[in-house]
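For the record, in the sequence shown the residue sitting at position 50 is 184 according to the working numbering, with numbers rising by one throughout.
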Amino acid sequence: DTVAATAFWSLVNNVYLGTQEMPQIIAPQPSAICGNCPNASNPPPDPQIQLDNCTLFSSINCRWIASNTTRYGFGLCRTEPISYDTTQNNKWMAGRIFWEFRIVPTLSSQQYESFNLTFDVTRQKKTNTRKIISGSGDFVDGQSENFPWEDQKDNEKANDDSGYNTSLGQNDNTPSPWGMIYSFDPPGYNILDFNNESLAFVVYRATFKEFVRIKIGEFSTNDPTGPGNIVEGSRASIKNDWHTVFQLRRFSNGLYKMELDIANPSVSFPIKASNSGSNGTLNLSIPDSTSVSTGGYELKYNATNRTWDTSRMVNNIPVTSMNIVEGPPGRWNATFEGIGILIEEGNTPFIANDRFTYSTFASQHPQGKVNEMNLSNQPYPVTLPY
């Protein structure tokens with residue numbers, strides 16, 4: 135290992151991951167003016183944090199910034215306009231983390247260049263994200279990926295490194311005058327149901343290892359056209375474990391559909407699955423939480439006798455059912471498997487086979503529904519029961 139002889143190492147100088155337990159840090163100051171993202175004035179930039187990568191600066195200050203102006207921490211964020219929503223509303227639930235590594239010994243940029251030394255902050259991840267579609271109780275695959283060594287690959291291989299990709303801009307690998315290099319990551323999930331999947335719930339679980347590599351010569355991952363997830367250089371830091379985990383629940387059929395799911399159990403906002411002009415409403419509640427388990431449900435209208443059939447569905451087949459009779463006129467009220475059901479007819483009546491779907495989620499995780507981003511001493515167990 136020719137790099138080991140250089141005796142360079144890197145230490146975590148600071149890591150910013152909170153909006154409450156620590157003061158919100160002030161905005162990074164780029165060493166050059168970034169035209170697509172003006173320098174922040176509130177709060178003013180910190181002259182001790184210099185970023186050479188304008189895309190990273192823009193990601194923190196203009197792309198992933200939250201409507202409350204926080205730049206780091208767990209919660210809603212991403213106010214940048216996108217094709218689905220050009221407003222500056224929050225569009226993402228995430229854990230935003232900003233790492234500051236200090237190169238030791240600390241030299242001037244000219245001295246690093248004279249040794250032909252380059253650095254790269256990189257990352258490994260293990261994810262196990264699942265979705266429940268409205269009307270179903272099944273957890274379907276959202277995104278699952280192992281650490282590289284779990285798939286018989288090199289244990290130093292990155293699998294969450296976009297390189298210098300200008301659209302993401304997650305790293306600044308050029309040492310600042312104080313010997314600092316940086317990385318930023320906002321892992322999470324959109325709250326708009328971009329793909330119109332009729333989502334009822336999302337369970338997002340991701341655990342990461344953040345570390346620094348060193349190389350004599352240029353990193354391919356630092357080339358804008360270079361590859362990202364490859365074994366390259368030698369490791370120059372410990373692997374730092376951190377994670378982001380949370381649950382989302384459908385709470386609306388408007389533009390913003392998903393919210394943080396903190397109740398256990400919980401019920402999703404119903405979706406009208408029939409394409410009719412009827413404008414009645416369905417309201418769901420949980421009067422008996424002890425009777426609620428994870429499941430999918432369908433409500434179907436019988437126009438002949440003006441009743442609703444509610445059924446627990448397994449593989450699109452009803453396995454338990456109950457008939458809800460009308461009373462008073464235009465109103466149906468019942469409790470089925472712990473869920474309170476209140477249907478009210480609108481001024482455009484229900485028609486035959488009008489249908490609603492919804493789902494319930496009762497977590498079997500030992501700690502219930504965990505919603506957090508945090509550092510840890512080992513990988514978060516993303517494969518525990520949902």
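We put the beta carbon where it would ideally sit given N, CA and C, even for glycine.
DSSP three-state assignment for residue i, whether helix, strand or coil
i	result
D443	strand
F385	coil
P500	coil
D254	strand
W466	strand
I477	strand
F191	helix
T355	helix
S535	Any answer about residue 535 is impossible in this case: the structure gives the chain only from 135 up to 520.
E523	In the structure as shown, the chain begins at 135 and stops at 520. Residue 523 is therefore absent and cannot be evaluated.
W283	helix
Of the listed residues the options, nearest to residue i (C-alpha basis)
i	options	result
S402	V453, I475, V365 and V238	I475
T469	D288, Y431 and I159	Y431
D288	F208, N436, S242 and R369	R369
Y150	R489, Y316, F342 and V337	Y316
S201	P179, W226, N187 and I477	W226
F318	P309, R205, S400 and G429	R205
W143	T256, P162 and F235	F235
Q245	T517, V337, P309 and F490	P309
C188	R489, F353 and C171	C171
Beta-carbon contacts of residue i that lie in its chain and below 7 Å, excluding the five residues immediately before and after
i	result
P519	Q498 and H499
Q501	none
L389	D219 and L326
F328	Y218
Limits of the alpha helix (DSSP H) - the one that residue i falls within
i	result
E247	S243 to F249
Buried versus exposed call for residue i [16 or more other C-beta atoms within 10 Å across all chains shown]
i	result
P321	buried
L145	exposed
T355	buried
D285	exposed
N250	exposed
R303	Here residue 303 is Gly; the residue named in the question, Arg, does not match the sequence. Counting Cβ neighbours within 10 Å, G303 comes out buried, since at least 16 surround it.
W283	exposed
R465	exposed
Q381	buried
N481	exposed
Cutoff 8 Å; reference residue i; Cβ partners in own chain excluding five residues on either side
i	result
S278	T261, N262 and T263
Same chain, Cβ closer than 6 Å to residue i, five either side skipped, listed in chain order
i	result
F484	S412, G414 and Y435
G276	T263, R264 and K265
E479	G414 and G464
N148	E234
Limits of the beta strand (DSSP E) - the one that residue i falls within
i	result
E142	According to the sequence shown, residue 142 is Phe rather than Glu. Note, F142: premise wrong, no beta strand (DSSP E); not H, not E.
F211	Correcting the residue identity first, residue 211 is Cys in this sequence and not Phe. G207 to C211 is the extent of the beta strand (DSSP E) around C211.
K343	L333 to I350
V459	Unbroken run through V459: none, as it is neither H nor E.
Residue i at chain D interface by Cβ criterion, 8 Å
i	result
N511	The structure shown has no chain D; it contains just one protein chain.
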